[in-house]
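Line order of the protein sequences matches chains H and E. Using our numbering, the first residue of the first sequence is number 7, and each one after it goes up by one. Using our numbering, the first residue of the second sequence is number 759, and each one after it goes up by one. Don't be surprised by glycine CBs; every beta carbon is placed ideally from N, CA and C. Some notes on the structure that comes next.
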Amino acid sequence: MNVLFLALGGSRRNVIVAEAEEVIAAGGAVTVLVGKPAKWRNDRLPEGADMMEQRRLVRGYRPAAARLLVDRIPLFLMRFFLRGPLRGFGARLQSFYRRRIARPIHHRLLGLYQRNPAKARSAVHRDLLGRRSIDLVVVGDAESMVAASELRDVVVGAGARLAYTAAQERPPAGQVRG
Amino acid sequence: MKSEADDRDVAVLTPWYPVPHHKYSGAFVQAMVEATAPGCGAVTLYHTDGWRLKAPEDDVAAEEAHQRLLPDALRPAPTAGGASLLRVPILMRGRTFGSQAVEHARGLGWALGGEPIPAKVVHAHVGLRGGWTALENARPDARVFVTEHASYLHQVLEQPDSRDLYERVLDRCTGLFAVTDALREQLVEAFPAFAHKIDVISNPISFELTRDEPVTALRRWLYVGSFIERKGVGWVLEAFAKCRAEDPALTLTMIGDGKLAEQLEQRAAELQVEDAVTFLPPVTPDECTRLMREHDLLVHAARWETFGVSIIEAVAAGMPVLVTRCGGPERTLAGIEDAAGQMIDVTEDADSIIDGYRRLRDRFPRDLDLAEARRVLEERFGYGAVAKAHHRHWFPETDANGEGDT
């Protein structure tokens, strides 16, 4: 079972770590979406669990229109006009363009992408639910409630389930004495 | 139309239940469900789990989102005794027990979609977060019972709003069960007008397993509990070192955790008994039972104790006990003190434990009757006894087959 924990506030880190351990021990895969990775410095996820920062997830996302205008059209023109003997120069120019022009533009637009819940939904859908074939999305803390609610349709539409805990997905754990 | 069997449906409410990050939290609730579920209809357990809200500015949005998520995210899972478990997150910002109870009641109401709990019998654990939540969400004709376990009850009663709410719980509930006499006395002192509603029913203890071979010599000592001052763990270690000087075959296993853990390990080294002392972290009940069957003597030297579960479990596992007269054990072992082992006074030194051990060693095995002690304790605290006591209150007019006047 592939489980995505939404732990954007990091206020229940011990819970997420313990549940992630159980999922991995049962042969599942775990991805934890966090707000601030620094908060997890003393609460290490079990080996095999992936931590993904929400900001980075959205940062990697570029809307189709932005990709067309900022990436695809300029790069196509460069490739088209700088052919033949100019090919070496064209490759250097494209590289320069990507680093110095396209990337800063996307970086400037990042705030807009992050503020737009639809963009966040698309990023989660594409990069997490789709690529990782998530079966279960666990709402891990109170700070993730709003994001989880916004993602509800995307999660259900992708065939995944929503839950407040991954612990219920297997027989109850034994009690401990001491 | 509801059948007779539906009249025996039970809802259990608890703010504690074993979870992966806290596997011993609410183990007694799990045991209670396991004990009481047989003979009931459908048992549904609502574990209201407090989730702290840390950013007040986001509270309203989080609460609205939570309410939208509940229908999709809440699903029952099987648990002890064939019961069905629902874990309900409760968004909390309250600082007092009373305000948290109000939040638990409201949160469960959201999870139920505004409908009352369907069961006619509701058993709530702890007075406020369980009891108040039950009363606010039970159907009008439901019989609501509350079991009080809280060792921090005095703190609850010190908070004016919590005390007021507790009084309302006592007023509205059908009955309240304290798990020890000490807790009952505390409640009766605080709310004398409701003394008639407050009874004592202990937590259930499993007597299912015992040891294959009886204890033949009191050499392998065992301590189970927290490593804190109140448990007298330091004196246990000191006494062990002195007794081991007389008998080098003695060993001690200490199971638990607490702020004295490191100090105890250092002291064991100073006393040069580190090779004979084993420290183990908290273990599962099954593992605890197994370890009890591999040891010869439970040493329990608490300064104060309301009940002392491990003492009864030790007798259930066929072990004699060396235990202080610290409140609870005098009551739980009443009438079988000598049959079960040796009781000693609480003193701030190791001498009482050492003297007690020597006396017990001299009396063992001829003056003890562990089988009789076990039988008596099973009658008092076994799953069957505790379930029967609860069922008598829950279903006063019907038996397990739904037939009348039992």
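Min CB distance residue i to chain E below 8 Å
{"i": "H:Ala-35", "result": "no"}
{"i": "H:Leu-10", "result": "no"}
{"i": "H:Met-151", "result": "yes"}
{"i": "H:Glu-53", "result": "no"}
{"i": "H:Ala-187", "result": "Outside the displayed span of chain H (7 to 184) sits residue 187 of chain H, for which this structure offers no information."}
{"i": "H:Ala-24", "result": "yes"}
Distance CB(residue i)-CB(residue j) smaller than 8 Å
{"i": "E:Ile-1094", "j": "E:Leu-1049", "result": "no"}
{"i": "H:Val-145", "j": "E:Leu-941", "result": "no"}
{"i": "E:Gly-1076", "j": "E:Thr-968", "result": "yes"}
{"i": "H:Leu-142", "j": "H:Val-21", "result": "no"}
{"i": "E:Ile-986", "j": "E:Ala-1059", "result": "no"}
{"i": "E:Gln-944", "j": "E:Phe-855", "result": "no"}
{"i": "H:Ala-154", "j": "E:Ala-823", "result": "yes"}
{"i": "E:Ser-842", "j": "E:Leu-803", "result": "yes"}
{"i": "E:Ala-863", "j": "E:Asp-767", "result": "no"}
{"i": "E:Asp-807", "j": "E:Pro-778", "result": "no"}
{"i": "E:Gln-788", "j": "E:Pro-773", "result": "no"}
{"i": "H:Val-130", "j": "H:Leu-92", "result": "no"}
{"i": "E:Glu-906", "j": "E:Gly-885", "result": "yes"}
{"i": "E:Glu-1063", "j": "E:Gly-1085", "result": "yes"}
{"i": "E:Ile-1102", "j": "E:Leu-1080", "result": "yes"}
{"i": "H:Glu-53", "j": "H:Val-40", "result": "no"}
{"i": "E:Ala-793", "j": "E:Val-801", "result": "no"}
{"i": "E:Thr-1009", "j": "E:Ala-1026", "result": "no"}
{"i": "E:Ala-820", "j": "H:Ala-148", "result": "yes"}
{"i": "H:Ala-13", "j": "H:Val-36", "result": "no"}
{"i": "E:Thr-891", "j": "E:Leu-866", "result": "yes"}
{"i": "E:Asp-957", "j": "E:Gly-933", "result": "yes"}
{"i": "E:Tyr-1115", "j": "E:Pro-962", "result": "no"}
Chain E residues whose Cβ lies nearer than 7 Å to that of residue i
{"i": "H:Glu-28", "result": "Pro-778"}
{"i": "H:Gly-15", "result": "Lys-812"}
Chain E contact residues for residue i, given Cβ-Cβ distances below 9 Å
{"i": "H:Arg-18", "result": "His-779, Trp-809 and Arg-810"}
CB-CB length for residue i against residue j, believed under 8 Å
{"i": "E:Ala-997", "j": "E:Leu-1029", "result": "Rounded, the Cβ-Cβ distance is 11 Å, inconsistent with contact."}
{"i": "E:Val-991", "j": "E:Leu-1022", "result": "6 Å"}
{"i": "H:Phe-95", "j": "H:Leu-88", "result": "6 Å"}
{"i": "E:Gly-889", "j": "E:Val-927", "result": "4 Å"}
{"i": "E:Arg-845", "j": "H:Tyr-170", "result": "6 Å"}
{"i": "E:Pro-1087", "j": "E:Leu-976", "result": "The Cβ separation is near 18 Å, so there is no contact."}
{"i": "E:Val-904", "j": "E:Ala-769", "result": "Actually they do not touch by this definition, with Cβ atoms about 13 Å apart."}
{"i": "E:Val-902", "j": "E:Ala-896", "result": "5 Å"}
{"i": "H:Ser-150", "j": "H:Gly-15", "result": "6 Å"}
{"i": "E:Ser-960", "j": "E:Thr-938", "result": "7 Å"}
Residues that residue i contacts on chain H, provided the C-beta gap is smaller than 9 Å
{"i": "E:Asp-919", "result": "The premise fails here: E:Asp-919 is roughly 23 Å from chain H at the closest Cβ pair, so nothing lies under 9 Å."}
Contact with chain H by residue i, beta-carbon distance below 8 Å
{"i": "E:Pro-1078", "result": "no"}
{"i": "E:Ala-831", "result": "yes"}
{"i": "E:Leu-967", "result": "no"}
{"i": "E:His-824", "result": "yes"}
{"i": "E:Trp-774", "result": "no"}
Neighbouring residues, chain H, relative to residue i (Cβ below 7 Å)
{"i": "E:Leu-827", "result": "Val-145, Met-151, Ala-154, Ser-155, Arg-158 and Leu-168"}
{"i": "E:Leu-849", "result": "Ala-148"}
{"i": "E:Ala-819", "result": "Val-152"}
Listed by chain order, chain E residues near residue i by CB distance under 8 Å
{"i": "H:Val-21", "result": "Val-777, Pro-778 and His-779"}
{"i": "H:Glu-59", "result": "Within chain E, no residue comes near H:Glu-59; the closest Cβ sits about 19 Å away, beyond 8 Å."}
{"i": "H:Val-162", "result": "Asp-830"}
Complete runs of the alpha helix (DSSP H) confined to the segment 774-840 of chain E [at least 4 residues]: 785-794 and 817-831
Inside the segment 1046-1083 of chain E only - alpha helix (DSSP H) runs reaching at least 4 residues: 1067-1074
Segments of 3+ residues assigned as beta strand (DSSP E) that fall wholly inside the segment 1086-1146 of chain E: 1099-1102
Entirely enclosed beta strand (DSSP E) segments - the segment 878-917 of chain E, minimum 3 residues: 879-883 and 901-906
Contiguous alpha helix (DSSP H) assignments of at least 4 residues, all confined to the segment 1004-1034 of chain E: 1019-1028
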